[in-house]
Amino acid sequence: MSVSSSTNTWGSLQTSSWGSPNPLVMPGYTSHLWAHNSHPQFWTKYQVWDWLQQVMDMHQIDASNIAFQNFDMDGHQLCNLGYQDFILIAGSVGPILFHSITELKLAGTFEILKRQLSLDFSCPFPDVTYAPGDMYEPLSHPLGPVASPTPSLPDPRGTHLWEFIRDILLNPERHPGLIKWEDRTEGIFRFLKSEAVAQLWGKKKNNSSMTYEKLSRAMRYYYKREILERVDGRRLVYKFGRNARGWKESEK
DNA sequence: CCTCGTTTTCCTGCTT
DNA sequence: GAAGCAGGAAAACGAG
Numbered sequence: 002m003s004v005s006s007s008t009n010t011w012g013s014l015q016t017s018s019w020g021s022p023n024p025l026v027m028p029g030y031t032s033h034l035w036a037h038n039s040h041p042q043f044w045t046k047y048q049v050w051d052w053l054q055q056v057m058d059m060h061q062i063d064a065s066n067i068a069f070q071n072f073d074m075d076g077h078q079l080c081n082l083g084y085q086d087f088i089l090i091a092g093s094v095g096p097i098l099f100h101s102i103t104e105l106k107l108a109g110t111f112e113i114l115k116r117q118l119s120l121d122f123s124c125p126f127p128d129v130t131y132a133p134g135d136m137y138e139p140l141s142h143p144l145g146p147v148a149s150p151t152p153s154l155p156d157p158r159g160t161h162l163w164e165f166i167r168d169i170l171l172n173p174e175r176h177p178g179l180i181k182w183e184d185r186t187e188g189i190f191r192f193l194k195s196e197a198v199a200q201l202w203g204k205k206k207n208n209s210s211m212t213y214e215k216l217s218r219a220m221r222y223y224y225k226r227e228i229l230e231r232v233d234g235r236r237l238v239y240k241f242g243r244n245a246r247g248w249k250e251s252e253k
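The numbers in the first sequence follow the numbering used here, run straight up by one, and end at 253.
Below you can see the structure in the form of structure tokens.
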């Protein structure tokens, strides 16, 4: 779905791939995800952060291991960083990031060259960079047989939205891949499938027309009441505030 | 029935 | 352009 029978290999794919939900892809991925995009050189700061996020996801590294603020830069600046720079600003994750960006620079350069020399390579590999299906298919990864249907679990405590969110975080096995902790001890979390969460919330409230748009408005009301705190810059990321109870490991 | 707190719906404008 | 984010305004809804 949403794969749009694209005839245009470059342009149309560009934007849609970014927001694509939760690309849980295994190693070997790197060139895959971004190769078709512009050279990292041309990324905006937003794209840089998206890249960071995805690399962390793919390696299943907790996002609290790096400071996103240290990557307050656009693609041009990013490309100018050397190996040591990455170590400096990202510590042990540095090498992984360096490796990823190096691959992407190469891939990007290759694509540019290819476009310039355009058209002919009278070639064994025509202009098929990647079949659309390659990366846009739902990736319905049957990853987790998730052995147990787990019929009964503790069960929700409270009827409020923030409690609903908290309980998903506390019992991820119930709804895998919807929301994930970004920093467990700080109470920072991120929506992976925003619309799916909204659907689930709507289901609970017997409201089939719930959307993330509306759910997020309710979330924003929590800022004033300090049930949530703002997390700037990063989309779909929230943080529990002092008036949110029951999410800490200690106070379970 | 009324009040109050919370959420829903809709909207305009801004950002990524 | 699409998807999120910010909040204002007003209506809806459930609890008490």
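The beta carbon of each residue, even a glycine, is placed where N, CA and C say it ideally should be. Since we're looking at a predicted model, the values are computed, not measured.
Asked	Found
At which residues does the alpha helix (DSSP H) containing F87 begin and terminate?	84–91
Taking only runs that begin and end inside the stretch 33–68, name each unbroken beta strand (DSSP E) of 3 or more residues, in chain order.	none
Can you list, in chain order, the residues of its chain whose CB lies under 6 Å from that of K240, leaving out five sequence neighbours each side?	G188, I189, E230, V232
For L179, does the three-state DSSP call read helix, strand or coil?	coil
On the DSSP letters alone, give me the boundaries of the alpha helix (DSSP H) that F190 sits inside.	Element bounds for F190: not the alpha helix (DSSP H) but the beta strand (DSSP E), 189–192.
So R167 packs on A245, CB below 8 Å; how close in whole Å?	7 Å
Cα-Cα, which of T160, H161, W202 is closest to I180?	W202
Output the distance between the C-alpha atoms of E164 and M211, rounded to the nearest integer angstrom.	17 Å
Just checking my contact of G109 with Q42 at CB under 8 Å: how many whole Å lie between their CB atoms?	7 Å
Do you know how far the Cα of V238 is from the Cα of K215?	16 Å
For S243 and I228, what's the separation of their Cα atoms in angstroms?	In the sequence on display, residue 243 carries Arg and not Ser. Whole-angstrom Cα-Cα distance: 6 Å.
Which residues does DSSP list as the beta-bridge partners of Y239?	F190
By Cβ distance below 6 Å, which residues in the same chain neighbour N71 in space, the five residues on each side in sequence not counted?	I90
Give the secondary structure of D184 by DSSP, where H, G and I count as helix, E and B as strand, and everything else as coil.	strand
Please go through the same chain and pick out, in chain order, the residues whose beta-carbon is closer than 7 Å to the beta-carbon of Y223, but skip the five residues on each side of it.	W163, L229
Only counting the same chain, and skipping five residues up and downstream in sequence, which positions put a Cβ closer than 7 Å to that of S195?	Y213, L237
Just to confirm, is the Cβ distance from L98 to V49 under 8 Å?	no
Cβ of K106 within 8 Å of Cβ of H60?	no
Could you compute how far the alpha carbon of V198 sits from the alpha carbon of S101?	31 Å
Quick one: using the 10 Å Cβ neighbour count with 16 as the cut-off for buried, is Q85 buried or exposed?	exposed
Out of G95, N172, K205, which has the shortest C-alpha to C-alpha gap to L53?	G95
Need the endpoints of the alpha helix (DSSP H) that L162 sits in, please.	162–171
Could you pull out every residue in the same chain whose Cβ sits closer than 6 Å to the Cβ of A64, ignoring the five residues on either side in sequence?	M57, E183
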